[in-house]
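The structure appears below as C-alpha cells.
Protein chains in written order, with our numbering: chain F, 5 to 94; chain W, 5 to 94; chain Z, 5 to 94; chain X, 5 to 94; chain G, 5 to 94.
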C-alpha cells in the first residue's frame, strides 16, 4: 500500500455505468517526512476520507476487494484513514 | 487510476482476434497542473473519448472490468471522461 | 498497453514445461517520436511479429488472455502489430 | 519480491472492515548493500516482523495469498523474515 | 518478463508456511548489453538456476503459474534459463 494525502477531487459525468456514485479522490504520495511528492493517483474512496487527510491506498486487483469497489474497473482505493504514521528507525 | 489526455490513436490490422473493433487511444499522463508529461500509455476506449479530452484510466486486471474489455488482453482502459479535476490542497 | 519495437529474441532450452513452443521477443519501448528508449521487456509473441516491427504489448494478468499464453507464466504479450501510431495533439 | 527493512508502523482506526486486526508496517526498500533507500511501502505483517528486521515482501494479488491477508484489500505483505541475504556475484 | 542474472540467495527460516522448500534467488536486471543494473528482485526459482546464470523472470499473478509457485504468496519467478539473448536491431 502507499501512504498519501487527499489533495483534490475528480468529477466525471460520462463514465462506465458501474462507476456511478463513486467518489474519485486525488491522492498525492508522501515521503518519509509525510511531505507531498509530485506523484499522484486517482483513488476511489471507500472510507469517507476528506480533503487534507492522510490515507492508505491499495492498488491493483486488491483495490476491488472493498464493498464499494467490488467488480468495478477501479485500480486504486482509499481503504483506511491514517491516525498516525510513526517512523521508528531511519 | 491515472489522469491523462488523449493525444492520438493506434491502428493495428493484425492482432489477437478478441481485439477486433476496439479503439486504441494514446493517452499522455498529466501532472498536477494538467500539463502533459512525456510518459504515455495505449488504452482501450470504453466511453467514447475524443482527441484532446481529459480522461481517467484504470490499469491492470481492473482494465478488463468494462463491457468493452471483458476477458480481453487489455491492461489499460479509459473508463471516464473528466469534467473537472480540482486540486484543493497543495 | 505499451508501444514498442521488436529488437531481438531470447532462446531458452531449460524452462517451465508450459512455455514450450513460445517465442520470446525482446521489445524496446518507444517514445512519442517512436524512437527507441533504453527500457525493454521480454514478451511472448501471439501475432507473428518480426524483427523491427512496431508492436502493442499487454502486461500483467491480461498478458495471459490470448490463446497462445492462456494459463502460462507469462506477464507480457505482443497482441497486435501496429500499422500506424498517430499523435494528433501535443 | 522485494527486500526491505521495517522502519515504522501505521495506525488507522477508520478503515475497511476486513482490515481489523491487521498490522501495517512501514517497509523501506534496501539496495544491494542492504542500505535503506528512500522508497517505502506499507505492508501487512503475516509473520510477526519487528522494527528493524530485514524482510521479504510480496506485492500485487500474491499479497493476498497468506492466511492473514486472504480476500482483503491488501497489496503488499511481509511473508518472510530474512536470516541472510548473500550477494555472491557482482 | 525481464532479463536478469542470479547474483545471490536469500535465506529465511520464519516465513509463511506455504513457502517451505522454495529457493529465493536474488536477480539483478540487465541492460541491453547484458550488464548488471543496480535494480534487483527476489525471485522463486522454478527451473534450477545457479549463481551467475542469465534468466527470464515473470512477475505478478503470472509468477504463480508454475508447479513450484502455484497458490503461493510469490510475485516473481525464474521460469527459464537463457541460452542466448540476441539483440538484432538497435
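We treat Cβ as the ideally placed atom computed from N, Cα and C, and that holds for glycine. Treat the numbers as computed from the prediction; the structure is a model and nothing was measured.
(1) Can a CB atom of chain F be found closer than 8 Å to the CB of residue 35 (chain W)?
(2) For residue 49 (chain F), which of helix, strand or coil comes out of DSSP?
(3) Can you find a CB in chain Z that lies within less than 8 Å of the CB of residue 80 (chain W)?
(4) Among Z:26, Z:37 and Z:74, whose alpha-carbon lies nearest the alpha-carbon of residue 8 (chain Z)?
(5) Tell me, to the nearest whole angstrom, how far the beta carbon of residue 102 (chain X) is from that of residue 84 (chain F); I am working on the premise that it is less than 8 Å.
(6) Would you tell me roughly how many angstroms separate the C-alpha atoms of residue 74 (chain G) and residue 89 (chain X), rounded to the nearest one?
(7) Please report whether the beta-carbon of residue 85 (chain Z) lies at a distance below 8 Å from any beta-carbon of chain G.
(8) Does residue 39 (chain X) pass the burial test, meaning 16 or more other C-beta atoms within 10 Å, or should it be called exposed?
(9) Does residue 41 (chain W) come within less than 8 Å of chain Z when only Cβ atoms are used?
(10) Applying a beta-carbon distance threshold of less than 9 Å, which residues of chain X neighbour residue 88 (chain F)?
(11) Look at the alpha carbon of residue 51 (chain W) and the alpha carbon of residue 5 (chain W), and state the distance between them as a whole number of angstroms.
(12) Do residue 78 (chain X) and residue 66 (chain F) have their C-beta atoms within less than 8 Å of each other?
(13) Check whether the Cβ of residue 10 (chain Z) lies closer than 8 Å to any Cβ atom in chain W.
(14) Under a CB-based cut-off of 8 Å, is residue 23 (chain G) close to chain X?
(15) Between residue 44 (chain X) and chain F, is there a C-beta pair that is closer than 8 Å?
(16) To the nearest angstrom, how far is it from the Cα of residue 48 (chain X) to the Cα of residue 27 (chain X)?
(17) Would you kindly report the start and end of the unbroken beta strand (DSSP E) that includes residue 32 (chain X)?
(18) Based on Cα-Cα distance, which residue from Z:41, Z:86 and Z:17 lies nearest to residue 35 (chain G)?
(19) Kindly indicate if chain F contains any beta-carbon less than 8 Å away from that of residue 55 (chain X).
(20) Expressed to the nearest angstrom, what Euclidean distance is found between the alpha-carbon atoms of residue 57 (chain G) and residue 46 (chain G)?
So, from the data block:
(1) In the second chain, the residue the question calls residue 35 (chain W) occupies position 31. It does; some Cβ of chain F falls within 8 Å.
(2) What you label residue 49 (chain F) is simply residue 45 of the first chain in a count that begins at 1. Of the three classes helix, strand and coil, the one that applies to residue 49 (chain F) here is strand, per DSSP.
(3) Here the question's residue 80 (chain W) lines up with position 76 in the second chain. Output row for residue 80 (chain W): interface = yes.
(4) Along the third chain, one-based indexing puts residue 8 (chain Z) at 4. Residue Z:37 holds the alpha-carbon nearest to the alpha-carbon of residue 8 (chain Z) among Z:26, Z:37 and Z:74.
(5) Residue 102 (chain X) lies beyond the residue range present for chain X, which begins at 5 and ends at 94; the question has no answer from this structure.
(6) Against the fifth chain, residue 74 (chain G) aligns to sequence position 70. Against the fourth chain, residue 89 (chain X) aligns to sequence position 85. In a straight line, the C-alpha of residue 74 (chain G) is about 24 Å away from that of residue 89 (chain X).
(7) Along the third chain, read from residue 1 onward, the residue named residue 85 (chain Z) stands at position 81. No, no contact with chain G.
(8) By one-based count along the fourth chain, residue 39 (chain X) stands at place 35. Exposed, by the Cβ-count rule.
(9) The count along the second chain starts at 1 and reaches residue 41 (chain W) at position 37. So, not an interface residue.
(10) Position 84 of the first chain holds residue 88 (chain F). Simply 13, 14, 15 and 16.
(11) On the second chain, residue 51 (chain W) is found 47 positions in, with the first residue counted as 1. On the second chain, residue 5 (chain W) is found 1 positions in, with the first residue counted as 1. A direct Cα-Cα distance of roughly 15 Å separates residue 51 (chain W) from residue 5 (chain W).
(12) The count along the fourth chain starts at 1 and reaches residue 78 (chain X) at position 74. The count along the first chain starts at 1 and reaches residue 66 (chain F) at position 62. Closer than 8 Å, so yes.
(13) Taking the third chain and counting its residues from 1, the one referred to as residue 10 (chain Z) is at position 6. With 8 Å as the cut-off, residue 10 (chain Z) does not count as an interface residue toward chain W.
(14) Against the fifth chain, residue 23 (chain G) aligns to sequence position 19. Chain X, which has a Cβ nearer than 8 Å to the Cβ of residue 23 (chain G), makes this yes.
(15) Counting from one through the fourth chain, the residue named residue 44 (chain X) turns up at place 40. It does; some Cβ of chain F falls within 8 Å.
(16) Indexing the fourth chain from 1 puts residue 48 (chain X) at position 44. Indexing the fourth chain from 1 puts residue 27 (chain X) at position 23. So the alpha carbons of these two residues sit roughly 6 Å apart.
(17) As a working note, residue 32 (chain X) is residue 28 in the fourth chain. Element bounds for residue 32 (chain X): 28-34.
(18) Taking the first residue of the fifth chain as position 1, residue 35 (chain G) is located at position 31. Taking only the C-alpha atoms, the option nearest residue 35 (chain G) is Z:41.
(19) Sequence index remark: in the fourth chain, residue 55 (chain X) carries index 51 (1-based). So, interface residue.
(20) The residue you call residue 57 (chain G) lines up with position 53 of the fifth chain. The residue you call residue 46 (chain G) lines up with position 42 of the fifth chain. Straight-line measurement puts the Cα of residue 46 (chain G) at about 15 Å from the Cα of residue 57 (chain G).
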